[in-house]
Amino acid sequence: MTNELTAAGIDPFDESVYRAVLTRRTAAPTELAADLGCSPLRVARALDRLHDHGLVGRLAGVRRRYAAIEPGAAVESLVRTRTAELDRVRSAAGELSRLFTAAQAGTAGEDEVEIATGREALGRWFVRLQQEAREDVMTLDRPPYALTTSNPVESNALGRGVRYRAVYAPEALEWPGVLEDIRGLVNRGEQARVMPGLRIKLAIADRRLALMPLSLDLDGVRAAVIRPSSLLDALTDYWELCWKQALPLDAPAQDPLGEEDRLVLTLLVSGLKDEAIARQLGWSVRTMRRRMSRLHDLLGAVNRFQAGVVAARRGWI
1 MTNELTAAGI DPFDESVYRA VLTRRTAAPT ELAADLGCSP LRVARALDRL
51 HDHGLVGRLA GVRRRYAAIE PGAAVESLVR TRTAELDRVR SAAGELSRLF
101 TAAQAGTAGE DEVEIATGRE ALGRWFVRLQ QEAREDVMTL DRPPYALTTS
151 NPVESNALGR GVRYRAVYAP EALEWPGVLE DIRGLVNRGE QARVMPGLRI
201 KLAIADRRLA LMPLSLDLDG VRAAVIRPSS LLDALTDYWE LCWKQALPLD
251 APAQDPLGEE DRLVLTLLVS GLKDEAIARQ LGWSVRTMRR RMSRLHDLLG
301 AVNRFQAGVV AARRGWI
């Protein structure tokens, strides 16, 4: 199995699908499945991932058929994206190394970094961080969750004037009840956005206190409680970068779309599949696709990618 694109974040199987599309110029999942000796469903999922990476495009028409994007431009764009991600990691490497060394030695400075261990400790610190916030709370939210997916403390904080801005991973929106909870919080004042590829969980209060789990394995989880320091400054800058790149989940001014239509477009662009969106909205997949077809007509688009681009350019999402 080929693996030349692994360093750019492409799974070896996905690369084999991409090479098969390049050979055929255009292809349907069933044709590629026959070439590769696997199921059409597995190929279709790989094509969706390749589409998200910008390596293939879906052709117009009812049948699912794909064409490869010219490799020179597509792979170069993929490499630039991965390079930018690595540059952001490198910029924080010094502070993260210091944090790791201090945690391993058990000597993290009380004034700057404290290590909390266990789910309950993580939950207590998250509640305390919000209760002590006076101006704003900024979060990066993704599964898994230490205690519960809901956050009752936030409603109280919003009621006393604390501004909440949250960036959610698409994976969070697939958890039962999470999307409904987010929509309720948005109605109370939360500013919510969604961004694919979110790898960490983070909460920052008033830019003076942060809470960050050191891994996504919540069995025996250890979290860093970070007070004013260059590490806190770096994490705040990283949050701001994520916020700028994320897609809003709340409605823009003069939005010509209905709330549900706008939400469908945002979730599609964020990477959720038809089945996941239909499940969250309580629709059948057929209803979901019928609504999407109507949005295509409204936007003059022939596929989900084009619909997202057109809606974004018009300021609708």
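Going by the UniProt record's numbering, the final residue of the sequence shown carries number 317, and the count climbs one at a time with no gaps. Each residue gets a CB set at the ideal place from its N, CA and C atoms; glycine is no exception.
Which value, in whole angstroms, describes the spacing of the CA atoms of residue i and residue j?
{"i": "residue 343", "j": "E76", "result": "Past the boundaries of the shown model lies residue 343; the chain is included only from 1 to 317, so the question cannot be answered."}
{"i": "A251", "j": "S270", "result": "Because A251 carries a pLDDT of 47, less than 50, the predicted location of this residue cannot be relied on, and no value is offered for it."}
{"i": "L267", "j": "L179", "result": "10 Å"}
{"i": "A108", "j": "R227", "result": "Because A108 sits at a pLDDT of 44, beneath the cut-off of 50, its placement in the model cannot be relied upon, and the following sentence gives the value as read from the coordinates. The straight-line gap from Cα to Cα measures roughly 12 Å."}
{"i": "residue 319", "j": "A44", "result": "This structure cannot settle anything about residue 319, because the visible part of the chain is limited to 1 through 317."}
{"i": "R188", "j": "E135", "result": "16 Å"}
{"i": "L295", "j": "Q306", "result": "11 Å"}
{"i": "A33", "j": "S39", "result": "6 Å"}
{"i": "Y168", "j": "M138", "result": "11 Å"}
{"i": "E70", "j": "I115", "result": "48 Å"}
{"i": "A234", "j": "M212", "result": "13 Å"}
{"i": "A7", "j": "D261", "result": "37 Å"}
{"i": "A172", "j": "L55", "result": "25 Å"}
{"i": "T30", "j": "A74", "result": "24 Å"}
{"i": "L214", "j": "F126", "result": "14 Å"}
{"i": "R304", "j": "T287", "result": "16 Å"}
{"i": "L158", "j": "D237", "result": "23 Å"}
{"i": "F13", "j": "A46", "result": "8 Å"}
{"i": "A278", "j": "E112", "result": "45 Å"}
{"i": "L232", "j": "G184", "result": "30 Å"}
{"i": "A311", "j": "L299", "result": "7 Å"}
{"i": "N156", "j": "G177", "result": "20 Å"}
{"i": "G72", "j": "S293", "result": "32 Å"}
{"i": "A276", "j": "L241", "result": "27 Å"}
{"i": "G57", "j": "S150", "result": "37 Å"}
{"i": "A301", "j": "L122", "result": "45 Å"}
{"i": "W283", "j": "W239", "result": "33 Å"}
{"i": "R49", "j": "R19", "result": "14 Å"}
{"i": "E259", "j": "R124", "result": "35 Å"}
{"i": "E154", "j": "G61", "result": "45 Å"}
{"i": "I10", "j": "G220", "result": "31 Å"}
{"i": "E85", "j": "R160", "result": "37 Å"}
Tell me whether residue i sits in a helix, a strand or coil according to DSSP, three-state version.
{"i": "E114", "result": "strand"}
{"i": "Y145", "result": "coil"}
{"i": "H51", "result": "helix"}
{"i": "G37", "result": "coil"}
{"i": "V56", "result": "strand"}
{"i": "P228", "result": "coil"}
{"i": "D233", "result": "helix"}
{"i": "G109", "result": "The predicted model places G109 with a pLDDT of 44, which falls under 50 and marks its position as unreliable; any figure quoted below should be read in that light. Looking at G109 - three-state DSSP - the assignment turns out to be coil, as it is neither helix nor strand."}
{"i": "A121", "result": "helix"}
{"i": "L249", "result": "coil"}
{"i": "A133", "result": "coil"}
{"i": "L140", "result": "strand"}
{"i": "A27", "result": "strand"}
{"i": "I10", "result": "coil"}
Does residue i come within less than 8 Å of chain C when only Cβ atoms are used?
{"i": "T139", "result": "Among the protein chains of the structure shown there is no chain C, as only one such chain exists."}
State yes or no: is the C-beta of residue i within less than 8 Å of the C-beta of residue j?
{"i": "L41", "j": "V17", "result": "no"}
{"i": "L216", "j": "R119", "result": "no"}
{"i": "L247", "j": "V194", "result": "yes"}
{"i": "D274", "j": "V285", "result": "yes"}
{"i": "E15", "j": "L22", "result": "no"}
{"i": "R290", "j": "V264", "result": "no"}
{"i": "R222", "j": "T81", "result": "no"}
{"i": "L272", "j": "E174", "result": "yes"}
{"i": "P196", "j": "P170", "result": "yes"}
{"i": "L249", "j": "I182", "result": "yes"}
{"i": "L78", "j": "H53", "result": "yes"}
State whether the stretch 158-177 contacts the stretch 130-139, with contact taken as three or more CB pairs (one from each stretch) at a distance under 8 Å.
yes
Under 8 Å: do the stretch 23-40 and the stretch 64-78 share three or more Cβ pairs, one atom per stretch?
yes
Is it true that the stretch 134-144 meets the stretch 194-201, where meeting means three or more beta-carbon pairs spaced less than 8 Å apart?
yes
Report the residue ranges of all alpha helix (DSSP H) runs contained in full by the stretch 159-221; include only those spanning at least 4 residues, in chain order.
170-173, 178-188
Which runs of the beta strand (DSSP E), 3 residues or longer, sit entirely within the stretch 277-307?
none
So, do the stretch 206-216 and the stretch 227-242 have three or more beta carbon pairs nearer to each other than 8 Å?
yes
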